[in-house]
Amino acid sequence: MTSAPHDSSHTHVTGESEFIDDRPFVAGELVVGIVCSQVARGKLVQIDLKKALAVPGVVGAYTAKDLSENYWGTIFQDQPIFAAEDINYFGEPLCALACETPEALRKARRLVEVKVTPLVPILSIAEARKKMSFIAPPRVIQKGNVEDALKNAPHRIKGKIEMAGQEHFYLESQAAIAYPGEAGQIAIHSSTQHPTEIQHVVAHALGLSYSDVVCIVKRMGGAFGGKESQGVPFAVIAALIAKRTGRAARVVITKDEDMVITGKRNPFENDYEVGFDNDGRILGLKVNMFSDSGAYADLSTAIMERAMLHCDNAYFIPHIKIEGLICRTNFSPTTAFRGFGGPKGVATIENILEEIAEYLKKDALDIRELNCYQGTNNVTPYGQTITQEIFPRLFKQLRKTSNYDQRKKEVADFNRVSKTHVRGLSMTAVKFGISFTTRFLNQGSALVNLHLDGTVQVSTGATEMGQGVNTKISTIVAEVFAIPQNAVFVMPTSTEKIHNTSPTAASSGSDINGSAAQLAAETIKRRLQLVADKLFNTPKELRGRKPAVMGLAEEFNIVESNSADHIEFENEFVFNRSNPGDRVPLKEVIEAAYLNRISLGAHGYYRYPGIHYNKETGQGNPFFYFTNGVGASEVSIDRFTGEVKVLRTDILMDLGRPINHGVDYGQTTGAFIQGLGWVTTEKLYYNKDGSLLTRSPSTYKIPSVQDIPRIFNIDFLINDENRKNLSGSKAVGEPPLLLAISVWTAIKNALSASARKKPVTIKLPATQEEILMNLY
Amino acid sequence: MYINGNATRVFGADVFLPLSSYLRYKLYKTGTKVVCAEGDCGACSVLVAFPERKIAKGAPEFKVMNSCISPLYILDGASVVTIEGLKNEGSSSEVQKKMTECFGSQCGFCTPGFVVAMTAMFECHKKVDASKVKNFTTGNLCRCTGYEPIIAAGLAVDATKLRPLSKSYLTPQIKKELISIGRTEFEIETPEKQVLGPTTVSQVSNFLIENKLIRIVSAATDLGVQFNKEKIDLEKTITLHHIPGLFEISKNKGAVSIGAKVTLATIQETLTKELPTFCRFLNVFASPQIRNVATLVGNIVNASPIGDTLPYLFVSGAIVEIQGLKSCREVPIINFYKGYKKTALLPGEWISRVIVPQQTEHEEIYLYKVSQRRDLDISSVVAAFYIQKGPQKINDIKIAYGGVGPTVLRLPKTETYLTRQRLSPGTLSAAQKILQSEITPISDLRASEAFRRKVSSNLLEKFYLESGALA
C-alpha cells in the first residue's frame, strides 16, 4: 500500500492540467452551439434556420437530416441525436450551429425559429403507471414463498419510499472537440467514461467504419456516471461538423445547458410490504420498484437490475419477491450515477429496518445486527452465497468506536429537554456488488511499453475522472518492475491503442484495467528475468551495446514459456537470488533485451472469473465480490426552520488491502458527501411544463464545505480476505455513497422523536422544507 | 491593469469580455476554470488588488473574486493574480504542495479556485483552524473530495513559506502606475457597446439622462450573471469605480453613511462596532468572492424581494441618498420599493449612499436567513426583528420579512399588536395569526407557500425565544 499523491495533482494545483476546453484552438476551429426544445413533448413541425444562417460568422446549421444514423442507445437504440419528428423532453437537442466566434453564436442562437405542436407530457411515475408508459417488461427476483411468509408473520408494515433524481454536477460540463483527418477520418477528444461507445456511435452516425474514428480521453473534470453514456450526442455533433466543414469543431456546453439537456439519477418510487417477528427478524418482503427513465431507455434497465439486486443489502431475507418496472416519462433520459441502482435498493431496505424498529420500539441497530448475513443465513435473493461473514464484525466494531449506545441515550435526553432542536442517530450498511451485471463488460486490456531509459508508458481502457485509477495503475506497474512510481506514465485513453474498452464504471476501473496492466507488465518482467539469467551467464566483456553493435556477442535465444523465478527485481536493480553477487541495474537488463531483439512491450487482457447472471430468472452469481461498509450519522434539526446539520459521521469500510490509502480515503469522503447531497439538499425542481428550473448552482445546492459532518471519522478494516482481486484490494468508487443513507435515516429517527403519527414518512431528499413540513 | 505582474492594456471589444474569457481565450491562461458562469462555484477565482482604493486596517490588499462575471472594464487599475501567478520561482507554492500531498485534488477542475481562495486566506492569516479554512472556501464548490482532504491541506500549510503577493505583484512601480490609472476618466466605444468611467458624481446623472438604456454596473455580481445567461446584452454601461467619494464610509450622529462602492467585505472589516449584528449576519451572505466586490447599495438597488440585507435595513431605519441631475434627496428605505423589482428612482437618478443608524445599547436586532443550504444560497425567507425592551413590556418593535411578498415587507399590524405587549406564549400565537394576514408568499423553486408561511411564524417564535422572552 502506498499513499503516493494523485498522478495529476502536481499539474492540477498549478492549473496546467489540460481539460477539453483548455486545448488551444487550431486554425479555423469552429465554436458549436446547440438549440434545444422548449417543450417537454410535441411534434416538431419546422426548424427555420434562415435568419440564423444570415448572421455573419455562422458557418453552418445541422439537424437530424444531416446524420446517416440519428438513433443511438447503449442498450436500446431509441434516442435521437437531434429530435426528428417527435420531441420527448424539454431541452432535447434540435439542431446545432457552427460559428467562427462565440459572439456570432450568441446572436444566431436566438434567431433559430422552431415550430412545434405541443402535446401533453407525462411528468411523473404515477402518470406513467396510469398510462402504462413502460420501458421493457417487468423483471422479477424471488426466493421462497413470500405470500405465505407475509400471511403468517406476526407483524406487517406496508409503505412507500419516494426517491428523487440527482444532478451529477461534474464541474466540467459535457465537452468534445473533433479534428478532421484525411480520407474522412475523425479524431475526437471527448470528456467521456466510455471512449469505445463514442467511437462506435460516431461511426454509425456519420456512416464511417470504426477504424475511421479515434476517441481520445486525457481526463475528465468529474463524471460520476454522467459521462458513461451521455457524452455521445456532443461528440457526434462535433464530429458531424468536423466532417462536413473540414474544420475542427468544439462543443463545450454551459452548466445551465448541461443540466437541462443531460440525464440525471433515476427517481424511484418503491412500494413495500414486510413481515417480521417480535424480535424484528424479517420473515418476508415484497417490493415493487418503479423507476423513472425519462424519455429514453439509456441505462435504465441495468440501473433497475442493480436496484433490485441491492434490495437485500446486508440483510438476510428468507422469503422475498422484488419486481421492477421502468416508467417512460418526458424528462431528460435518466442515466448512470455513482451507485447506479444500488442506493435505491439500499435506501428501501434501510428505511424498512428503521420502521420495524420504530414499530417494535426497539433500537434500529439491534434490528440490523439481528438481520445481517451471518452463519447459514448467507444466501442472497438471487442465489449467490456470501462467503465472508463480515457484517457482524463491522456492526460490532463501529458500534463500539462510534460510542453508539451512549450517544443514543444522549440523543434521547437532548430531545426531552431541547426547545430549539431535535436530534437523531442511525447506522446503516452497504454491501455493494462488484462487477457489471452485464457479463461481457467485465473485461479489460492494457498496453505496457517499457522504454530503454527505464520509464514505462501504460495505456488501458480506463478513463481518469479524478478517481485515481491512473495512480493505482502506475502503482501496480511500478511494483512489478520495482521502480519508482514516477517512472510509470499512464497515457491518455485512446481507442487506437486499446479497443473494445468497457466504460470506466461500476467501480471496476482499477480492478479490470489494473489487472490487465499487471498481466502485461508481468509478461515483460518474465522476459527480462530470462534475459537477466542469460546476461549473468555472459562474460562482462561481451555485455552491453558495443559487442552487440559489432556483432561480437551471440544473440540471446529465450523461450517465453520458460521462467527464471530466481531472478528478482529490487529498487531498480535485478539480481540472482541463488547468487546475489549477480546484480545489475534494471536499465542494463532492459538494454540487453532490446539489443537481443526481445520485445519490451506487451498487451495484457483480464476478465473477472466465475460470474454469471440469468436476467430472466433473476438467479446467478452476478458479483465477483462485495465491497462492504457501515456508517453512523447523528443529525441536529432546527425545529423552527427545518435546517439540518450533520453533527458526526463515523464510517468503517472493508476495502481489503487498499492499493493507495490516500486515493481510497478521498473516494470515501467524496462519495459520502455526494450521497449526503442526494439525501438532503439536492432538489431538482421542475416547472409544470416539464422544464428544469434548478439548472445551476445558484438554485441547485450540492454540499458546500460548510455542510460536511462536524466530526467525520473514517476508518478502514484492513484485511486479507479478498485474495481473488488485484493485490487483495477492493473497488471503492461507489460504495461509500450509500452510507450517506445513514444521514437520511437519522433525520427520520429525529423526526420520529417528535412525531404524532408513526411511522414518519419522508421523501428523499429530506430537504429543509420536507423536514419542516413533517415536524410537529 | 496588471496580470501576474505583466502590464496589460486591453482595447476595443475585449474590454467587455468577462475576465475569465479574456484570460482563457486571449491570454491562453487556461488554469482559471469556468463552471457555472454565475459566481456561485469559485472555479474561476482570481486575486485582485486595487492600489488606488483605501483598504481597512489589517485587511489584505489582494482579495479573491470570481472572474467569470467581471467584465474587464471594472478591473481598470487593478493588479490581477491568477493561478498561473502563484508558483514560486518555477516551483509549486506551499499551498499547492500541500493540496497535492493531502489529496486535496481529484479531478482537478475546482482545484485552481481552491488554491487561489486559500492563498487569499494566508495573505491575512498566518495561523488557521478548520473553521477558518471553511469560511475562506465557502465560495468554492468541489464535487469529488468531500472537502475533508482540502481542509486537511489548508491546515498543513506552513504560512511562513508563502511569499506575500504584494512583493511580486504590487511593487512600488506597479502601484504608482495603477494609482494614476485608477483616477483617470475613460470612455470606450465599439460599434456595439459602450462603457463610461466618470470620475465625478455629477457626470453619472448626465449620462443616465442622455441615454435611457444605460446601466450602472457596480461589481456585476447580478448583471454579469444575466449577461452570461444571455438575458441582457449590457450594451451601454457606466462604472462608478473611478469616483473616489463613493468608496468612503463616514460616521456622524449615531449613523454610518456608506458609499455606493463600499463592499460588504469592507463593511465587515470596518463597522463591527457600529453594526455588530449586521456584520455577523453578513457571514452567511454569499461567499468571500462575492462579498469582496458586491456592494450594499447594489443589494438595495437590485430590489429583490429576497435581498438578504434589506430586512435589516428596513428595521434599522436606513435611508438611501438618491442623486439626481440637479439635486440630491433622501428616502427612507421603507418607502423606496414600489413593487416587485420596482424602486422610487426617477429617470437620471441613482443611489450614491445609504445611511444606516448605529445600533445602541438599548436596541437589539435579530436576523434570520432561511435557505435550502445554509451557506452560499439564495434565501427562501429572510427576517429582521428590532426590539427595545422595557422593564416588562416591549417599548418598540419593528419587523421586516423578505421572501413573503413582492418586496421586502414591514409588518405594521404585527408590530402594533406587539408594542406594549409582553413577549409571552399568549401574545406569540396571536402575533403569528396577524403576521400570517400580512404576508403573501408564493410557491417557487426555492420553497412552497406553505413552507414560507410556516417558517415565517416559526421565525417569530425563534425570535421570542432568542430575545429571552420565552426562556
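Protein chains in written order, with the working numbering: chain C, 244 to 1019; chain P, 10 to 480. Positions of the beta carbon are idealized from the N, C-alpha and C atoms, including for glycine. Since the model is a prediction, treat every value here as computed from it, not as a measurement.
With DSSP run on the structure shown, which of helix, strand or coil describes residue i?
| i | result |
| --- | --- |
| C:Asn614 | helix |
| P:Asn215 | helix |
| P:Leu479 | The predicted model places P:Leu479 with a pLDDT of 46, which falls under 50 and marks its position as unreliable; any figure quoted below should be read in that light. If DSSP states are grouped into helix, strand and coil, P:Leu479 belongs with coil. |
| P:Leu137 | Sequence check: residue 137 of chain P is Val here, not Leu. Coil, per DSSP. |
| C:His432 | strand |
| P:Arg172 | coil |
| C:Arg938 | coil |
| P:His251 | coil |
| C:Tyr868 | strand |
| P:Gln367 | coil |
| C:Asp696 | coil |
| C:Ser688 | strand |
| P:Leu243 | coil |
| C:Tyr929 | strand |
Please list the partners that residue i has in chain C, where partner means a Cβ-to-Cβ separation under 7 Å.
| i | result |
| --- | --- |
| P:Asp384 | Ser947 and Gln949 |
| P:Leu150 | Pro940, Ile945 and Ser947 |
| P:Tyr156 | Ile916, Val948 and Ile951 |
Just checking: is the beta-carbon of residue i within a distance shorter than 8 Å of some beta-carbon in chain C?
| i | result |
| --- | --- |
| P:Phe394 | no |
| P:Gln115 | yes |
| P:Ile315 | no |
| P:Lys35 | no |
| P:Val55 | no |
| P:Arg147 | With the sequence shown as reference, residue 147 of chain P is identified as Thr, and Arg is not the correct amino acid for it. Yes, its Cβ sits closer than 8 Å to a Cβ of chain C. |
| P:Pro121 | yes |
Under 8 Å Cβ-Cβ, which residues of chain C neighbour residue i?
| i | result |
| --- | --- |
| P:Pro7 | Since the first and last residues shown for chain P are 10 and 480, residue 7 of chain P lies out of range. |
| P:Gln105 | Val256 and Thr257 |
| P:Asn467 | Arg882, Phe883, Thr884 and Leu1015 |
| P:Cys481 | What is shown of chain P runs 10 to 480, which leaves residue 481 of chain P out entirely. |
| P:Glu98 | Under the 8 Å cutoff, chain C gives no residues; its nearest Cβ is about 13 Å from P:Glu98. |
With distances taken between CB atoms, is the gap from residue i to residue j smaller than 8 Å?
| i | j | result |
| --- | --- | --- |
| C:Gly847 | C:Ser688 | yes |
| C:Tyr314 | C:Ile484 | no |
| P:Ile328 | P:Leu305 | no |
| C:His562 | C:Gly527 | yes |
| P:Gln368 | P:Thr286 | yes |
Between residue i and chain P, is there a C-beta pair that is closer than 8 Å?
| i | result |
| --- | --- |
| C:Pro438 | no |
| C:Ile378 | no |
| C:Gly465 | yes |
| C:Leu936 | yes |
| C:Leu795 | no |
Would you mind telling me which residues of chain P sit closer than 8 Å to residue i, beta carbon to beta carbon, in chain order?
| i | result |
| --- | --- |
| C:His253 | Ser101 and Thr109 |
Quick one: which chain P residues come within Cβ less than 9 Å of residue i?
| i | result |
| --- | --- |
| C:Lys944 | Ser380, Gln381, Arg382, Leu385 and Asp386 |
Who are the neighbours of residue i on chain P, taking C-beta pairs under 7 Å?
| i | result |
| --- | --- |
| C:Glu512 | What C:Glu512 touches in chain P: nothing, since even the nearest Cβ is about 20 Å away. |
| C:Pro243 | The question about residue 243 of chain C has no answer, for chain C in this structure spans 244 to 1019. |
By the criterion of Cβ-Cβ separation under 9 Å, what are the contact partners of residue i in chain C?
| i | result |
| --- | --- |
| P:Cys337 | The contacting residues do not exist; P:Cys337 stays about 35 Å from chain C at best. |
key: Runs of alpha helix (DSSP H) wholly within the segment 595 to 678 of chain C (minimum 4 residues, chain order)   = 607 to 614, 634 to 644 and 647 to 660
request  = Jot down the residue ranges of each uninterrupted alpha helix (DSSP H) in the segment 314 to 389 of chain C, minimum 4 residues, whole runs only, in chain order.
outcome  = You should have 345 to 352 and 368 to 373.
task = Entirely within the segment 439 to 500 of chain C and at least 3 residues each: give me those beta strand (DSSP E) ranges in chain order.
result = Assignment of beta strand (DSSP E) within the segment 439 to 500 of chain C, counting only whole runs of 3 or more residues, yields 456 to 460 and 492 to 495 in chain order.
4-residue-minimum alpha helix (DSSP H) runs that sit fully inside the segment 699 to 760 of chain C, ordered along the chain = 712 to 724
request  = Only counting runs of 4 or more residues, tell me where the alpha helix (DSSP H) segments fall wholly within the segment 508 to 556 of chain C, in order along the chain.
outcome  = Here the runs fully enclosed are 543 to 552.
task = At 3 residues or longer, and completely inside the segment 375 to 448 of chain P: list those beta strand (DSSP E) runs for me, N to C.
result = Listed in chain order, the complete beta strand (DSSP E) runs (minimum 3 residues) inside the segment 375 to 448 of chain P are 390 to 398 and 403 to 411.
task = Output the residue ranges of the beta strand (DSSP E) runs that lie fully inside the segment 397 to 429 of chain C and measure 3 residues or longer, sorted by chain position.
result = For the segment 397 to 429 of chain C, whole beta strand (DSSP E) runs of length 3 or above, ordered along the chain, are 398 to 406 and 418 to 423.
ask   = Can you give, in chain order, each stretch of the beta strand (DSSP E) that sits fully within the segment 334 to 358 of chain P and has at least 3 residues?
value = 337 to 341 and 346 to 348
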